[in-house]
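In UniProt numbering, the protein residues as written are 1 to 113. Written out below as structure tokens is the structure these notes cover.
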């Protein structure tokens with residue numbers, strides 16, 4: 001049986017790990033994505049190099065506002081989650097007679113709810 005070394009299977013991964021078949025060459029798109037990620041990281045690291053003090057102050061204010069906006073969105077989402085969870089009040093165990101009184105008889109007219 002012939003093994004296709006270009007096939008991406010768990011068996012081929014095992015064979016590659018033991019050196020039986022050659023390592024699979026990296027996909028060019030993966031290499032491009034890695035290069036793009038490196039370029040973005042370098043650009044982010046060097047964004048402060050040629051800035052004046054005024055530009056740095058403005059950038060710091062922008063970053064503070066961005067952080068506060070992200071925190072606000074996170075907090076609002078958390079509050080919405082808590083509000084949705086507390087929608088039905090509290091849950092507690094009840095006995096069979098209490099179930100009959102609070103659930104079955106609760107819908108009858110004249111029964112206090």
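Glycine is no exception: its CB is placed at the ideal position from the N, C-alpha and C atoms. Since this is a predicted model, take the numbers as computed values, not measurements.
Through-space distance from residue j to residue i, alpha-carbon basis
{"i": "residue 22", "j": "residue 29", "result": "20 angstroms"}
{"i": "residue 99", "j": "residue 87", "result": "21 angstroms"}
{"i": "residue 77", "j": "residue 70", "result": "11 angstroms"}
{"i": "residue 17", "j": "residue 4", "result": "15 angstroms"}
{"i": "residue 33", "j": "residue 14", "result": "26 angstroms"}
C-beta contact flag for residue i and residue j at 8 angstroms
{"i": "residue 24", "j": "residue 6", "result": "yes"}
{"i": "residue 59", "j": "residue 51", "result": "yes"}
{"i": "residue 36", "j": "residue 48", "result": "no"}
Open item on the list: At 4 residues or longer, what runs of the alpha helix (DSSP H) sit wholly inside the UniProt domain "Phosducin" (28-98)?
Closed with: Whole alpha helix (DSSP H) segments, 4+ residues: 28-45, 53-85.
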